[in-house]
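What follows is a single structure, written as structure tokens, with notes after it.
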Amino acid sequence: MGAGYRQFCPIAKAMELLDERWTLLVVRELVSGSQRFNDLRRGLPRMSPTLLSRRLHQLVRAGVVERRVEGGEVRYVLTRAGHELRPVLEALGAWGTRWIGELGDEDLDPKLLLWDMHRHVDHAAVPGGRTVVHFRFRDVPADLSAWWLVITRDEADICDVDPGHAVAVTVTASLRGMVRVWRGDLTWPEALRTGVVSVTGPEALRRALPRWFTLSDFAAVPRPAPSGSG
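Numbering (our numbering), first residue to last: 241 to 470.
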């Protein structure tokens with residue numbers, strides 16, 4: 241950490257810890273339920289393992305995170321101070337949704353999209369047994385274009401190679417289009433009607449698919465009216 245702001249203001253003191261690159265995103269993943277190092281990496285696919293280790297160490301030292309070793313397994317668990325950052329992150333996310341709407345191509349990441357989708361599955365809405373959703377993205381390199389989400393009533397797993405199970409439905413979309421649906425910028429019906437997203441498979445499953453996901457935590461945030469409206 242740097243020399244700090246040298247101000248007694250509590251905002252300044254908090255930001256001495258939290259405004260270092262990636263730190264708040266590490267906290268975001270912890271608030272979202274990730275506790276193991278590899279799960280944190282999957283939610284932060286463009287963060288180096290070395291930097292992740294460093295940020296976790298800083299958060300542990302600051303009393304925001306507790307490092308627990310249980311039977312040879314290491315978990316990172318939010319302390320009371322860490323849990324109190326949840327409303328801060330929710331406010332930041334809502335503000336960013338409302339006022340920073342532009343996404344560059346570099347902001348689009350299928351790994352992060354599928355990771356976020358897998359932890360927003362409504363397991364009660366998915367058919368019994370095993371359900372496999374195959375995602376095909378039209379506008380990304382071939383090695384990142386195909387993904388499989390394997391869903392049961394208890395868990396969801398992401399595969400970047402064919403897991404060999406029967407596919408229930410296939411979702412074909414541009415990565416940008418699927419991200420827009422996930423963020424709430426475009427509804428499922430709009431995306432399907434305009435061809436931004438297409439779904440193939442048995443009709444009952446095609447119709448049910450949108451209900452299998454609860455969308456991003458910020459999808460329901462109201463957007464400001466376009467300039468000049470009203």
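Beta carbons: idealized from backbone N, C-alpha and C, even for Gly.
Keep in mind it's a predicted model, so treat the numbers as computed, not measured.
- DSSP lists Trp388, Thr410 as the beta-bridge partner residues of His374.
- In the DSSP assignment, Ser438 falls within the unbroken beta strand (DSSP E) covering 437-440.
- In this structure Leu455 does not touch Val439 by the C-beta definition: roughly 16 Å separates them, more than the 8 Å allowed.
- DSSP lists Val309 as the beta-bridge partner residues of Val314.
- Within the model, the alpha-carbon separation for Tyr316 versus Arg433 is close to 43 Å.
- Residue state for Val380 is assigned as coil, using DSSP reduced to three classes.
- By the 16-neighbour rule on beta-carbons within 10 angstroms, Thr263 is buried.
- Counting along the chain, no beta strand (DSSP E) covers Ala365, and no H or E run does either.
- Cβ-Cβ distances below 8 Å link Pro462 to Arg338 in the same chain, with the five nearest sequence neighbours on each side left out; the list follows chain order.
- In the DSSP assignment, Ile398 falls within the unbroken beta strand (DSSP E) covering 396-399.
- Looking at Leu353, His323, Arg301, Ser414, the one whose alpha-carbon comes closest to that of Cys399 is Leu353.
- In chain order, Leu389, Val409 place their CB closer than 6 Å to the CB of Val373, counting only its own chain and leaving out the 5 sequence neighbours on each side.
- Taking C-beta separations shorter than 6 Å and ignoring five residues to either side along the sequence, the partners of Arg295 in its chain run Trp262, Thr263, Val266, following chain order.
- The closest CA to that of Ala396, considering only Asp356, Gln275, Ile340, is found on Asp356.
- Shortest Cα-Cα distance from Ser272 to any of Val421, Ala465, Leu325, Arg376 involves Leu325.
- With respect to Val437, Gly424 sits apart: the two C-beta atoms are not nearer than 8 Å.
- For Ser274, the number of other beta carbons within 10 angstroms of its own is at least 16, and it is reported as buried.
- Taking the Cα positions, Val304 is about 11 Å away from Ala254.
- Non-local C-beta neighbours of Val366 in its own chain, meaning closer than 6 Å and more than five positions away in sequence, comprise Ile391, Trp452, ordered along the chain.
- When secondary structure is reduced to three states using DSSP, Phe277 falls in the helix class.
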